[in-house]
Amino acid sequence: MIIKIYPIQTGRVKIKRSQIKRAANNLPQPLNLFFQTGWSDWLPILAWVIEHPEGVFVVDTGETAQAARPGYFPHWHPYYRWAVQFDVRPEDEIGPQLRRLGMSPVDVTAVLLTHLHTDHAGGLSHFPRTRVVVHPQEWQAAAGRAGTLNGYVRHNWPVGLKPEFVRYVPEAVGPFVESMPVTPDGRIRLIPTPGHTPYHLSVLVQTETTTYFLAGDASYTEALMLAGQPDGVSGPAAMQTLTHIRRWVQDTANPKRLRAVTYLPSHDPHSLTRLERVQRQPAPQLATW
Ligand SMILES: [Zn+2]
965 MIIKIYPIQT GRVKIKRSQI KRAANNLPQP LNLFFQTGWS DWLPILAWVI EHPEGVFVVD
1025 TGETAQAARP GYFPHWHPYY RWAVQFDVRP EDEIGPQLRR LGMSPVDVTA VLLTHLHTDH
1085 AGGLSHFPRT RVVVHPQEWQ AAAGRAGTLN GYVRHNWPVG LKPEFVRYVP EAVGPFVESM
1145 PVTPDGRIRL IPTPGHTPYH LSVLVQTETT TYFLAGDASY TEALMLAGQP DGVSGPAAMQ
1205 TLTHIRRWVQ DTANPKRLRA VTYLPSHDPH SLTRLERVQR QPAPQLATW
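Numbering (the numbering used here), first residue to last: 965 to 1253.
Given below as structure tokens:
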């Protein structure tokens, strides 16, 4: 059985440094985002393609090139006005990039969304007839006026989009007590990683040589996850999520659970090199849960 992962970088984003790492002051977090002046470097906006014997699965859809045009985001929204910059060209979008890989959006069995922020759901327009899997409460959070106020941008999504909702079952993955198998063999699995949004999820892909942890925005980088540093927009669940991830990634105490985990957040500048390294030299280990 061959399972393969392909990265797709749909352009770049700049955010405030206080969004990546919570500022050490007592100001309410939104104020730090708007009034602190320090910008991050350009960060990748990553989505992933999983080639599995049962189909092709896409994890997140990246951003649309429209995001770089004035007027795409609501001009009145302080986050889009003051706290984020995008650099996305039409050829960076996920549709053209899938075609460059010799695939087409219609070949995709399902789109799995870690959450619905614009740089993860902005490419949904390329999948008007594809199964889209999202957590029901994340879907609800993005809806209506409250969703718009919270920065969810829906106007580029396929008209009448009706996603399939995640339903976790009590199948534990290390410290994560529930999960949802996406494929009957259970090698692609969704796990709850709340924090960045209250119903944020991550996607695990178990191959012969490693378990890919497609982390979305569970942390902006692997280093911040290992340091237990929540980002500047996370809610209270983030700390426990980071602890769970770290414990699972680092646990080598049980020899029956030889673990080789490749942790891949969506905006980590090192995600691509980490993926290349593990694909170049597959370790003869079987990651199990
Ligand atoms: Zn996000």
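Note that the Cβ used here is the ideal one computed from N, Cα and C, for glycine as well. These numbers come from a predicted model, not from an experiment.
> Is the stretch 1017 to 1026 close to the stretch 1049 to 1063, with three or more CB pairs under 8 Å?
Replying inline: yes
> Around ligand 1, which residues pass a check of Cβ closer than 5 Å to any of its heavy atoms?
Replying inline: H1081, D1181
>> Could you compute how far the alpha carbon of H1079 sits from the alpha carbon of Q1245?
In response: 31 Å
> Using a Cβ-Cβ cut-off of 6 Å (strictly less than) and excluding sequence neighbours within five positions of W1121, which residues of its own chain qualify?
Replying inline: Non-local beta-carbon contacts of W1121 in its own chain, meaning distances under 6 Å to residues more than five positions away in sequence, involve L1088 in chain order.
> Closest by CA to S1166, which one among H1084, I967, F1037?
Replying inline: Ranking the options by Cα distance to S1166, first place goes to H1084.
> Of all the alpha helix (DSSP H) runs that stay within the bounds of the stretch 1031 to 1090, which reach a length of 4 or more residues?
Replying inline: If we require 4 residues or more, the alpha helix (DSSP H) runs fully inside the stretch 1031 to 1090 come out as 1042 to 1046, 1058 to 1064, 1082 to 1085.
> Looking only at its own chain, which residues have a Cβ that is under 6 Å from the Cβ of Q1193, when we skip the five neighbours before and after it?
Replying inline: K985
>> Using the Cβ count rule (16 or more neighbours within 10 Å means buried), how would you classify I966?
In response: exposed
> Can you tell me whether W1046 is buried or exposed, with buried defined as 16 or more other CB within 10 angstroms of its CB?
Replying inline: Exposed, by the Cβ-count rule.
> So, using beta-carbon positions, are V1242 and Y1227 closer together than 8 Å?
Replying inline: no
>> For a minimum of 4 consecutive residues, which ranges assigned as the alpha helix (DSSP H) are wholly contained in the stretch 1093 to 1176?
In response: 1100 to 1106, 1108 to 1113
> Going by Cα to Cα distance, which pick from I1009, Y1044, W1012 is closest to V1117?
Replying inline: The shortest Cα separation from V1117 among I1009, Y1044, W1012 belongs to Y1044.
> Is the CB-CB distance between S1183 and L1206 below 8 Å?
Replying inline: Contact: yes.
>> What does the Cβ neighbour count give for K1220, buried or exposed, with the cut at 16 atoms within 10 Å?
In response: Low local confidence applies: a pLDDT of 49 at K1220 is under 50, so the model's placement there is unreliable, with the coordinate-based value given in what follows. Per the 10 Å Cβ criterion, exposed.
> Is DSSP giving T974 helix, strand or coil here?
Replying inline: strand
> Bridge partners of P1008, per DSSP?
Replying inline: R976
> Ordered along the chain, which non-local residues of its own chain (more than five positions away) have a Cβ less than 8 Å from that of A1286?
Replying inline: With the chain represented from 965 up to 1253, any question about residue 1286 goes unanswered, as that position is not in the structure.
>> Give me, in chain order, the residues of the same chain whose beta-carbon lies closer than 7 Å to that of I1155; leave out the 5 immediate sequence neighbours on both sides.
In response: V1137, F1140, S1143, L1165, S1166, L1168
>> Could you give the first and the last residue of the continuous alpha helix (DSSP H) run that contains T1207?
In response: 1202 to 1214
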